[in-house]
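Peer 1: This structure is in structure tokens; I'll ask about it shortly.
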Amino acid sequence: MVTAGYRGLMTRSLSPIVLLRNNLLINTIGWTILLPSMPVIYAHFGANTASIGVLVSFVAMITFACGAVQGFASDYLGRLVMLRICAVAQLIGHILTIYSLYTYSFSLFVVARCLPAVFKCCMVVSQAFLFDIESQEDPGAVSTLGSLYACSNIAFIIGPLLGGFCIARSMYLANAIGCLLSVVELGMLTLMKELPKIETEKEKKITSQDRYTSTSANQERNSNTNYTSYIRSLVDSLAQLPPRLVMLLHIKFAYQLSNCLFESMFPQYGRTQFGLSGYATGVFFSPSGALSAVTNVYLLQWALASSRRPEGYLWLYLLVTALGLYVWALWSSLNGLIVATVVVTVSSNLFQGVLQNTIMIYMKELREGNNNLDADCTTSNSDDVEEGYQVKNTLPEE
1 MVTAGYRGLM TRSLSPIVLL RNNLLINTIG WTILLPSMPV IYAHFGANTA
51 SIGVLVSFVA MITFACGAVQ GFASDYLGRL VMLRICAVAQ LIGHILTIYS
101 LYTYSFSLFV VARCLPAVFK CCMVVSQAFL FDIESQEDPG AVSTLGSLYA
151 CSNIAFIIGP LLGGFCIARS MYLANAIGCL LSVVELGMLT LMKELPKIET
201 EKEKKITSQD RYTSTSANQE RNSNTNYTSY IRSLVDSLAQ LPPRLVMLLH
251 IKFAYQLSNC LFESMFPQYG RTQFGLSGYA TGVFFSPSGA LSAVTNVYLL
301 QWALASSRRP EGYLWLYLLV TALGLYVWAL WSSLNGLIVA TVVVTVSSNL
351 FQGVLQNTIM IYMKELREGN NNLDADCTTS NSDDVEEGYQ VKNTLPEE
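For the sequence shown, position 28 matches number 28 in full-length UniProt numbering, and the numbering has no gaps at all.
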């Protein structure tokens, strides 16, 4: 009985959703642990304000531009492949950062910051992985979207606080711990398995048509057009997206861009305007992460369950976020910063959670609608093929 209970506990602890949460937690800690040390590192290289601004904006733009491609790349290469690439890129970034600090090479530090930003896809691919699990295995996985965001917020509690502790000891310690976390992340990804790909109705249609293909030339031609047909179907699916869904995706991209700029610029802003040290910056980030976790676990679930159309309140969350930022700019003091941070944290997390939930619902409805349409087309086409095949066989031979 003890063995059976232990196996049940291990099965639950090694479930795909649990591993996905832990992987996102470790990956985000490895990224946020460097935030408090950025001002000290910039001072170590003697970088001026213009260079810092260009680097921060460039990293944010790379993250913004590559984020749209990584989700589609995971459709073709696999979710786990992209997560492993993200972990390896982050590991290499930590190693290059240590070497650039040792050699005083600012150009190498720029490469070390840009490389993980190019492959920073853990949150995007984790959301896609969660959507796959919901579609194939667990119908209730959509309700775990808030807990997925909560894991990222918990990382914002642990990462900056740990980073502030590390920068008070050594500039190299945060990156050394980041290397260790990346290795642990890669080990955790080996415990996960790629979900089996469900054959869509279009693929079934192609398979049924290939059954009646007799010549090897046609078979070779069909095999050579697999990759081309995938790219063509991807472009067609993007072109056929509903305008409302396209608008929501543009809003999400703009939000991600502003979020990247805020995360990258805030440590330097706190050091310049308020004289915050690396440890003080980490301590400031930790309550913000705790508030984000509470918002995603409780307030987000309440917002999604209390209204039949929660997306109707997106404009309200965005307006409150804008007012919080306006108060921050108008009341340029540490007290104003704390008040604005509380308001912006709650409203922006509600905005992000409701927006992502709305996009997932639209994508699910779009996929189900396409599958139903493809099923009808496949049924009619297969009947035509069967009739044509029977007629061909009933013709008398000359």
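By construction, the Cβ of each residue, glycine as well, lies at the ideal position given by its N, Cα and C atoms.
Here the structure is a predicted model, which is why all the values come from computation and not from measurement.
For Ser182 versus Gly30, is the C-beta spacing smaller than 7 Å?
Peer 2: Their beta carbons are under 7 Å apart, which means Ser182 touches Gly30 by this criterion.
Peer 1: With a threshold of 7 Å on Cβ separation, who are the neighbours of Leu25 within its own chain once the five nearest residues in sequence on each side are excluded?
Peer 2: Cys151, Ile154 and Ala155
Peer 1: Mind checking Gln273: buried by the 16 CB within 10 Å criterion, or exposed?
Peer 2: exposed
Peer 1: Measuring only the C-alpha atoms, how far is Leu19 from Trp331?
Peer 2: 43 Å
Peer 1: The alpha helix (DSSP H) spanning Ser292 covers which residue range?
Peer 2: Gly278 to Val294
Peer 1: Please list the terminal residues of the continuous alpha helix (DSSP H) segment that includes Phe109.
Peer 2: Following the DSSP letters along the chain, one finds Phe109 inside the alpha helix (DSSP H) bounded by residues Phe106 to Val118.
Peer 1: Would you mind working out which of Pro287, Leu189 and His44 sits nearest Ile338, comparing C-alpha positions?
Peer 2: Pro287
Peer 1: Alpha carbon to alpha carbon, how far is Tyr317 from Ser348? Give it in angstroms, no decimals.
Peer 2: 7 Å
Peer 1: Would you grab the beta carbon distance between Pro36 and Gly163 for me? Rounded to a whole angstrom, and I think it's under 8 Å.
Peer 2: At roughly 4 Å, the Cβ-Cβ gap stays under 8 Å, so Pro36 and Gly163 are in contact.
Peer 1: From this set, Thr32, Met61, Arg21 and Lys252, which residue's C-alpha is nearest Phe266's C-alpha?
Peer 2: Residue Thr32 is the option with its Cα nearest to Phe266.
Peer 1: For Met82, report the span of its alpha helix (DSSP H) as first-last.
Peer 2: Arg79 to Thr103
Peer 1: Buried or exposed: where does Met247 fall if 16 or more other Cβ atoms within 10 Å of its Cβ makes it buried?
Peer 2: exposed
Peer 1: Taking Pro108 and Tyr99 to be in contact with their CB atoms under 8 Å, please state how far apart those CB atoms are, rounded to whole angstroms.
Peer 2: The sequence shown places Leu at residue 108, not Pro. About 7 Å; that satisfies the 8 Å criterion.
Peer 1: Going by other Cβ atoms of all chains shown within 10 Å of its Cβ, with 16 needed for buried, is Ala185 buried or exposed?
Peer 2: It should be pointed out that residue 185 corresponds to Glu in this sequence rather than to Ala. So Glu185 counts as buried.
Peer 1: Below 6 Å CB to CB, which residues in the same chain sit around Thr97 once its five sequence neighbours on both sides are set aside?
Peer 2: Ala112 and Asn175
Peer 1: Go through its chain and collect everything with a Cβ distance to Thr341's Cβ below 7 Å, but skip five positions before and after it.
Peer 2: Ser288
Peer 1: Taking 7 Å as the threshold (C-beta atoms), are Gly178 and His250 in contact?
Peer 2: no
Peer 1: Would you grab the beta carbon distance between Gly71 and Val125 for me? Rounded to a whole angstrom, and I think it's under 8 Å.
Peer 2: 7 Å
Peer 1: Taking 6 Å as the limit between beta carbons, can you name the residues of its chain near Pro116, skipping five residues before and five after?
Peer 2: Ala89, Gln90 and Gly93
Peer 1: Need the endpoints of the alpha helix (DSSP H) that Asn23 sits in, please.
Peer 2: Pro16 to Thr32
Peer 1: Around the C-beta of Asn27, are 16 or more other C-beta atoms found within 10 angstroms, so that it is buried, or is it exposed?
Peer 2: buried
Peer 1: Helix, strand or coil: which one does DSSP assign to Asn48?
Peer 2: coil
Peer 1: Among the candidates Pro310, Leu350 and Thr190, whose CA atom is the shortest distance from the CA of Arg79?
Peer 2: Thr190
Peer 1: Going by the beta-carbon positions, is the gap between Leu300 and Gly353 smaller than 7 Å?
Peer 2: With a cutoff of 7 Å on beta-carbon distance, Leu300 and Gly353 are scored as near each other.
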